[in-house]
Structures are given as C-alpha cells and as structure tokens.
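With the working numbering, you'll find the sequence shown wraps up at 349, consecutive numbering, no jumps.
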Amino acid sequence: MSQTSTISVEKGASLWADAAHRLRRNHAATAAVFVLAIIFLSCLVLPSIDGLIQDPNAQALPKKNQSPSGEHWFGTDHLGRDIFSRVLYGGRISIAVGLITTFVSVTIGICWGAIAGYLRGFVDDLMMRIVDILYAMPFLIVVILLGKSIEPMTTDLTNNTVDLFAGADSSVAEQNATRTWVEPITTLVPLFIAIGALSWLTVSRIVRSQVQNIARQDFIEAARSLGLSHFTILFKHILPNSLGPIIVYTTLTIPGIMLFEATLSFLGLGVRPPNSSWGILIEEGANRMTANPWLLFFPSLFFAATLFALNFLGDGLRDALDPKSSKD
C-alpha cells in the first residue's frame, strides 16, 4: 500500500498584515483609536445634524456663567453661549487645522526629501542647505509674518466660496447660512499655508534618509537595469517602501500642529471671533477660570485627550511598523 503524505503550506503574511496584528495587541494604541473615533465623530457628525445641538454663537445673557445642567451639558460662558456646542464646533476647526496643515507639510517634505535623497551630489547639498537655513529662522515670527502678508486674500476667497456653494441667485438668508460654516475655514487658509510651508523640514530629512538607504538595495538596481525611469523608480518603488516612518511621523505631527494653532489662537493670531477653536476656548477659560471653571475644563479635556491619543497612536504605529523598536 502506498501512503500519500500531505504537506501543509502556511500562507505568509504581508508587512501591513503583521503591523495591523501588532497594533491590535498594543492596548494603548487601540484605546487611542477608540478615543479619537469618539472625538472626531462627535465634532464632525453631531454639529451636522439639524436641531441636535445649540447655535454656538447664540448669546443669552440671562443664562451666562451657568454650571453644567440638562439644558447646557457643559454650562454656558460669560455671554450665555452653550459651551458644549462651542467645544464641538471648535473641535472641527482644530481638527481641520491639524489634518490639512499636516497634509500640506508632509506632501512638501516627501517631495523635497525624496528628490534630494535620490539625486544626491550637488542637488542634495543645495536642497539640504536650504533646509538648514529655514531651520535657523524663528518659526513663530515667520509664521505670523507670512500669515499676515497673505491674509488680505481671505475676503475674496470667502466670497467666491459662498457664491460657489450657495449660488449666485440665492437669497441673503441662504448666503448668510452658507457663510456661517464657510468663513471659519477660509479665514484659516493663511494659517494653513504659513504653518504648512515651514513645518515640512523634519519630514524632508526623514524621507531623504529613507530614500538614500532604500536606493542602495538590490531590487532598485534591478529596476535600473530594466530601464525604468527615475520617476517610476522613485515614486513607485522607493517611496512606497518608506511609508512606515512617514506614517508614524505624520501621526506625531498632527498634535504638534494642533498645539501650535492653539498657541496662536491663545495669542489672538488664529481663529477670528465669534468663531472658536479649542485654543480660543482655552484662552477664554484661562481668563475667566475663577468665575466659570467649566469654560476651561471641557475644552482642555477634549484637547488633551486628542493630543494624548494621537501620541499613543503614533507610538503604537512606530512599534507595529518597526518590529525592532517593539517592546514586546
């Protein structure tokens, strides 16, 4: 009798599948994802539902400085405005600043660092010296000056955006309703450009180092021998293999930019009243902490929870994408 033996072949797992498995085992990172999901959905979804929360800019002086209650979950401020709605609407702006500005800075940094690391030689030296010069500049002062210099364009941008969404034949009421949600974003465009245009320096160095290391690998030499163009080699073979550190740095950049926006808003250089961000609310709460502690407590709680969660997520992604750095 002949015996037939079966050989079981274990299916291999990809880098991203292994990283997802390690990330799920990281309880701090998993909890951070859960916290971020709650905060993001609360700030982005709840204000979009008509009649669910109160107008964040509606004043009711007889109800000013009230403590949390069933009518006002987080209390009211010195003008009788609902803190709960202001925290959610302010979170929209703070999250938008963090995400959009990070996207701008990471995109510039990836392109700059990738080109410098791939071409090397004189081009690399020149591009990195420009990065060194920009590093030497006082970041806060340059952002303020750059933001102020391009601020006049926001009025035209706001009007054009309102006409785009409301329509040229819309009524005044419809235009005002559209302007209510458009203006807080368009007025921050100078801030997006100013911060994003100068916060890409670190990521450019990270990408440059990654590109130089990967460009020495055998599969890149094989791609060159096949006659592939430099563009194809760089953007289809080298950069996809550099995504791990880039993703980690991105998650760690978002809280830094949100904190910087809060600093500018605290100094009165960010969001314009009556619109709010977490930085604006924290500044108002700090000035009225003794009379109304809730005005400082709740926006600080949301802001701190978001920053901690993003940092824990960044640490978890670093360990998941780089097993050598894992503590397991």
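No residue lacks a Cβ here, since even glycine has one placed at the ideal position from N, Cα and C.
### Query
Terminal residues of the continuous alpha helix (DSSP H) containing Asp-145?
The sequence position of residue 145 within the sequence shown is 124, counting from 1. Taken as a continuous stretch (DSSP letters only), the alpha helix (DSSP H) holding Asp-145 covers 142-157.
Check your understanding: Going by the CB atoms, is the gap between Ile-216 and Val-164 shorter than 8 Å?
Key -> Within the sequence shown, residue 164 is the residue found at index 143, counting from 1. Within the sequence shown, residue 216 is the residue found at index 195, counting from 1. Their beta carbons are under 8 Å apart, which means Val-164 touches Ile-216 by this criterion.
| field | C-alpha distance - Leu-209 paired with Glu-282, whole-angstrom precision | value | Translated into the one-based positions of the sequence shown, residue 209 becomes position 188. Translated into the one-based positions of the sequence shown, residue 282 becomes position 261. If I take the Cα positions, the gap works out to 10 Å.
ask   = Hey, would you say Gly-119 sits closer than 8 Å to Met-279, going by beta carbons?
value = Locating residue 119 in the sequence shown gives position 98, counting from the first residue. Locating residue 279 in the sequence shown gives position 258, counting from the first residue. Contact: yes.
Simplified DSSP state of Asp-177, which is helix, strand or coil
Working through the sequence shown from its first residue, we reach residue 177 at position 156. In this structure, DSSP gives Asp-177 a helical state, which the three-state scheme calls helix.
Under 7 Å Cβ to Cβ from Phe-61, same chain only, skipping five residues before and after it: list those, please. Counted from its first residue, the sequence shown places residue 61 at position 40. Spatial neighbours of Phe-61 in its own chain (CB-CB distance under 7 Å, excluding positions within 5 residues in sequence) are listed in chain order as Ile-116.
Taking contact to mean at least 3 C-beta pairs separated by less than 8 Å, is the stretch 102-116 in contact with the stretch 67-81? yes
Q) If you pair each beta-carbon of the stretch 310-330 with each one of the stretch 262-272, do three or more pairs fall below 8 Å? A) no
Three or more C-beta pairs closer than 8 Å, one from the stretch 230-241 and one from the stretch 126-143: is that the case here?
yes
Practice problem: Return helix, strand or coil for Thr-199, following the three-state DSSP convention. | Solution: By one-based count along the sequence shown, residue 199 stands at place 178. Three-state result, Thr-199: helix.
What are the boundary residues of the alpha helix (DSSP H) that Pro-14 is part of? What the structure shows of the chain is the stretch from 22 to 349, and residue 14 is not part of that stretch, so it cannot be assessed.
Does Thr-253 come out as helix, strand or coil in the three-state DSSP assignment? Here residue 253 refers to the residue found at position 232 when the sequence shown is read from its first residue. Helix, per DSSP.
query: For Glu-304, does the count of other Cβ atoms within 10 angstroms reach 16, so buried, or fall short, so exposed?
result: Here residue 304 corresponds to residue number 283 of the sequence shown, with the count starting at 1. Residue burial annotation: Glu-304 is buried, with at least 16 other C-beta atoms found within 10 angstroms of its C-beta.
Worksheet item: For Thr-175, which residues of its own chain have a beta-carbon under 8 Å away from its beta-carbon, when the five flanking residues on both sides are left out?
Response: What you label residue 175 is simply residue 154 of the sequence shown in a count that begins at 1. Thr-207, Thr-208, Val-210, Pro-211, listed in sequence order.
Given that a residue counts as buried once 16 or more other Cβ atoms are within 10 Å of its Cβ, and exposed if not, what is Gln-87?
On the sequence shown, residue 87 is found 66 positions in, with the first residue counted as 1. Result: buried.
Worksheet item: Taking all protein chains shown into account, do 16 or more other C-beta atoms lie within 10 angstroms of the C-beta of Glu-204, making it buried, or fewer, making it exposed?
Response: Within the sequence shown, the letter at position 183 stands for residue 204. By the neighbour-count rule (16 or more Cβ atoms within 10 Å), Glu-204 is buried.
| Distance, His-99 Cα to Ala-81 Cα | One-based indexing of the sequence shown puts residue 81 at position 60. One-based indexing of the sequence shown puts residue 99 at position 78. Distance between the alpha carbons of Ala-81 and His-99 is about 9 Å.
For Leu-109 versus Ser-69, is the C-beta spacing smaller than 8 Å? The count along the sequence shown starts at 1 and reaches residue 109 at position 88. The count along the sequence shown starts at 1 and reaches residue 69 at position 48. No, the pair does not count as a contact, with Cβ atoms beyond the cut-off.
For Phe-143 and Asp-153, I'd like the C-alpha separation in whole angstroms. Start at 1 with the first residue of the sequence shown, and residue 143 comes out as number 122. Start at 1 with the first residue of the sequence shown, and residue 153 comes out as number 132. Distance between the alpha carbons of Phe-143 and Asp-153: 15 Å.
Beta-carbon proximity list for Gly-306, same chain, < 6 Å, skipping 5 on both sides: Reading the sequence shown from its first residue, position 285 is the one you call residue 306. Scanning its chain for C-beta atoms nearer than 6 Å, with the 5 sequence neighbours on each side dropped, one finds around Gly-306 the residues Leu-316, Leu-317, in chain order.
Next item on the list: Count the other C-beta atoms from every protein chain shown that fall within 10 angstroms of the C-beta of Pro-320, then say buried if there are 16 or more, exposed otherwise.
Entry: The count along the sequence shown starts at 1 and reaches residue 320 at position 299. So Pro-320 ends up on the buried side.
Whether Arg-107 touches Leu-65 by CB criterion (8 Å): Position 86 of the sequence shown, counting from 1, holds the residue named residue 107. Position 44 of the sequence shown, counting from 1, holds the residue named residue 65. Their beta carbons are not under 8 Å apart, which means Arg-107 does not touch Leu-65 by this criterion.
query = Which two residues bound the contiguous alpha helix (DSSP H) that contains Asp-239?
reply = By one-based count along the sequence shown, residue 239 stands at place 218. Element bounds for Asp-239: 239-246.
> Taking C-alpha atoms, which residue in Thr-122, Lys-85, Ile-129 lies nearest to Asn-313?
Replying inline: Start at 1 with the first residue of the sequence shown, and residue 313 comes out as number 292. Of the candidates Thr-122, Lys-85, Ile-129, the one whose C-alpha sits nearest the C-alpha of Asn-313 is Lys-85.
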